[in-house]
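Residue numbers (this note's numbering), protein chains in the order written: chain A, 75 to 270; chain B, 75 to 270.
Following: one structure in structure tokens, then a few remarks.
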DNA sequence: TTCTTTATTGATTGACGCGTCAATAAAAAA
DNA sequence: TTTTTTATTGACGCGTCAATCAATAAAGAA
């Protein structure tokens, strides 16, 4: 009983199922059948809409990046001062959406995949550059640009590191203390550059 | 023409080949044949000495951890002050051995695998705890213990984050600037706690 | 020399997973 | 009503890969 206009619904369901499957499994080693089953369809349908498995994985990664960008834009809209913009950028990376177990596991898996797939590496670089430029722009209002670039790298590295620790869920840092750790670093850097 | 006493040689060659294969491939998705071929033997021999593939991977991870521990102990031996011990711990993580492309890629791949394998997660936790306790011990000579614990987490996260960026080799941080970034963080934290 | 242990591999098996295809069914167009 | 388009799946082929096994060969022990 095929109702028409299923395509967008199926695409979304399959992408969500992909994130969930990767998140639960902890790697990209998930079968098309597992993903499709989770979305309530057959594996053949997943191929019908996405072609090869790689295409589905790429689409899933783009979806994650789009979500992140959307949330970032929303939070930045209400932040006027450089200091507030900094906190907004930090906060978005540890929001319930982005710092959720499944999403974090998926990110980590995609990072690994990016070593093989140039397309995925390109996508990740776009994100990394955007994060870095956002951080630098905000920091530049509080310190010399050359130092801002430096500090931005430190912040980005710390965020990535906290993602790893989250994925390994041992001494899993909760979002609150993770934010506190990064904010502490930010505050220290600003203060040290301030009283010259 | 089997010479005797091959076992230790083969084991080492196979483990080295595993690191190399993982490093080049960027994931644990390497076949036993690829690994064995790189070590100059047949895949059957790899199974003969290690059993299942998982066993070889676990042995490889233990080898990486052992190397790291050995180098850490060596560097700590010559460091007397808390400040020197801190720098030694940081430096080890970015040494030519540990921060080499292959080794970094292998670490990242094992991190992902640890989400599935409890045994690997256990091994990684041992390392994480040892790193954390070493850092905390050194920091405790320079600030209150409660703060030392906090700062140790920040350092560890930053190191992990720099590993990821190294693996993605885009804005790949060279060892020197990576060390500078972490040392800067350490110095700032110490200074801020110092002049109370 | 004969036997046993160690080293080594080619061939094989069995499982598994991607991607394809033909077939079915219903909605919409002709 | 016939035809076309959209939705959907079960079955299958093909390739890959981990793991096993029987066979070969040399070194040392008996």
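Glycine included, each C-beta is placed from N, C-alpha and C at the ideal position.
What you are looking at is a predicted structure, and each value in this text was computed from that prediction instead of being measured.
Check, Outcome
"So with Cβ pairs under 8 Å, would you call residue 125/B a contact of chain A?", "no"
"Whole angstroms is fine: what's the gap from residue 218/B's alpha carbon to residue 80/B's?", "53 Å"
"Please list, in chain order, the chain A residues whose beta carbon lies closer than 8 Å to that of residue 232/B.", "228, 231, 232 and 235"
"Pick from 200/A, 87/A and 202/A: whose alpha carbon is nearest that of residue 111/A?", "87/A"
"For residue 238/B, go through chain A and note every residue whose CB falls closer than 9 Å to its CB, in chain order.", "182, 185, 231, 234, 235, 237 and 238"
"For residue 259/B, which residues of its own chain have a beta-carbon under 8 Å away from its beta-carbon, when the five flanking residues on both sides are left out?", "228, 229 and 232"
"Go ahead and pull the three-state DSSP assignment for residue 167/B.", "helix"
"Determine, for residue 169/B, whether the minimum Cβ-Cβ distance to residues of chain A falls below 8 Å.", "no"
"For the stretch 204 to 219 of chain B and the stretch 194 to 213 of chain A, state whether three or more C-beta atom pairs, one from each stretch, are separated by less than 8 Å.", "no"
"Leaving out five residues on either side along the sequence, give the residues of the same chain with a beta carbon under 8 Å from the beta carbon of residue 262/A.", "none"
"Counting contacts by CB-CB distance shorter than 8 Å, is residue 199/B in contact with chain A?", "yes"
"Which complete alpha helix (DSSP H) runs does the stretch 146 to 205 of chain B hold, if anything under 4 residues is left out?", "156 to 167 and 175 to 187"
"Span of the alpha helix (DSSP H) holding residue 103/B?", "That residue, residue 103/B, is in no alpha helix (DSSP H); it is neither H nor E in DSSP."
"Run down chain A in chain order and give the residues with a C-beta less than 7 Å from the C-beta of residue 100/B.", "186, 189 and 190"
"Alpha carbon to alpha carbon, what distance is there between residue 168/B and residue 147/B?", "15 Å"
"Output yes or no for whether 8 Å exceeds the beta carbon distance between residue 100/A and residue 186/B.", "yes"
"Against chain B, with Cβ distances strictly below 8 Å, would residue 172/A count as a contact?", "no"
"Quick check on the DSSP output: what are the complete alpha helix (DSSP H) runs of length 4 or more inside the stretch 92 to 141 of chain A, in order along the chain?", "106 to 112 and 117 to 124"
"Under DSSP, the alpha helix (DSSP H) around residue 234/B begins and ends at which residues?", "219 to 241"
"In angstroms with no decimal places, state the Cα-to-Cα distance between residue 153/B and residue 240/B.", "27 Å"
"Residues of the stretch 252 to 267 of chain A in Cβ contact with chain B at a cutoff of 8 Å, in chain order, please.", "255, 258, 259, 262, 263, 265 and 266"
"Can you tell me where the alpha helix (DSSP H) with residue 247/A in it begins and where it stops?", "It is not in any alpha helix (DSSP H) - residue 247/A carries neither H nor E in the DSSP assignment."
"Considering only C-alpha positions, which residue in the set 83/A, 170/A, 133/A and 212/A is nearest to residue 15/A?", "Examination of residue 15/A is not possible in this model, given that chain A is present from 75 through 270 alone."
"Would residue 241/B pass as an interface residue toward chain A - the criterion being a Cβ-Cβ separation below 8 Å?", "yes"
"Return the residue from the list 90/A, 164/A and 143/A that minimises the CA-CA distance to residue 133/A.", "90/A"
"Rounded to whole angstroms, what is the Cα-Cα separation between residue 105/B and residue 127/B?", "9 Å"
"Quick check: is the beta carbon of residue 202/B nearer than 8 Å to any beta carbon in chain A?", "yes"
"Can you tell me whether residue 270/B is buried or exposed? The criterion is at least 16 other CB atoms within 10 Å of its CB, across all chains shown.", "Only weak support is given to the placement of residue 270/B: the predicted model assigns it a pLDDT of 49, under 50, and the value that follows is read from those uncertain coordinates. When all chains shown are included, residue 270/B counts as exposed."
"Closest to residue 150/B by CA distance: which of 119/B, 78/B and 209/B is it?", "209/B"
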